[in-house]
Amino acid sequence: MADVECLSDELGCASRSRPAFGSAPAADERLARVVRYIHENYAQPLSLSLLAKEFHFSPFYLSKLFKRTVRLTYRDYLATVRIMKAQQLLRETPWKVSLIAEKVGFRDPARFGKTFKAQTECTPLQYRKKHRKDPLRFPAQGRS
Numbered sequence: 001m002a003d004v005e006c007l008s009d010e011l012g013c014a015s016r017s018r019p020a021f022g023s024a025p026a027a028d029e030r031l032a033r034v035v036r037y038i039h040e041n042y043a044q045p046l047s048l049s050l051l052a053k054e055f056h057f058s059p060f061y062l063s064k065l066f067k068r069t070v071r072l073t074y075r076d077y078l079a080t081v082r083i084m085k086a087q088q089l090l091r092e093t094p095w096k097v098s099l100i101a102e103k104v105g106f107r108d109p110a111r112f113g114k115t116f117k118a119q120t121e122c123t124p125l126q127y128r129k130k131h132r133k134d135p136l137r138f139p140a141q142g143r144s
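Numbering-wise (full-length UniProt numbering), the sequence shown opens with residue 1 and increments by one.
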């Protein structure tokens, strides 16, 4: 899975290399700002309608532009950004899974677990055990 920077880079590449057919360059620039905003605020409650209002899009248009340009739905993109950050925290911190879920913007730990497993094919604790950077720095945690 690409890291978060690569996802935003892909948007930049896509918006520079795509012809302007069906999308004004100004819309692509605004979409790039939306993506940056998501990366900076992923831990906050973010809805498509909130972003549409903030960046002067209709929710329908932002949804279509996002899917066409980023090749993911808005919801899938936000989940991917959050899961990538969770992976980093699982590797680098001893924090409980429930705290990590909250820190990356999931209000429901069960939903976090389902989303994490869907994207990584393992649970957060399995991921931590397999990818932890320094296993001696902090021991494996019990269920969180």
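Ideal Cβ placement from N, Cα and C applies to all residues, glycine included. In this text, all values refer to a predicted model and were calculated from it rather than measured experimentally.
Asked	Found
Quick check on the DSSP output: what are the complete beta strand (DSSP E) runs of length 3 or more inside the UniProt domain "HTH araC/xylS-type" (32-130), in order along the chain?	none
According to DSSP, is Arg30 helix, strand or coil?	helix
Can you tell me which of Arg30, Phe106, Arg75, Tyr77 puts its alpha carbon nearest to the alpha carbon of Lys53?	Arg30
Could you work out which residue in Arg68, Val81, His56 is closest to Arg36 when comparing CA atoms only?	Val81
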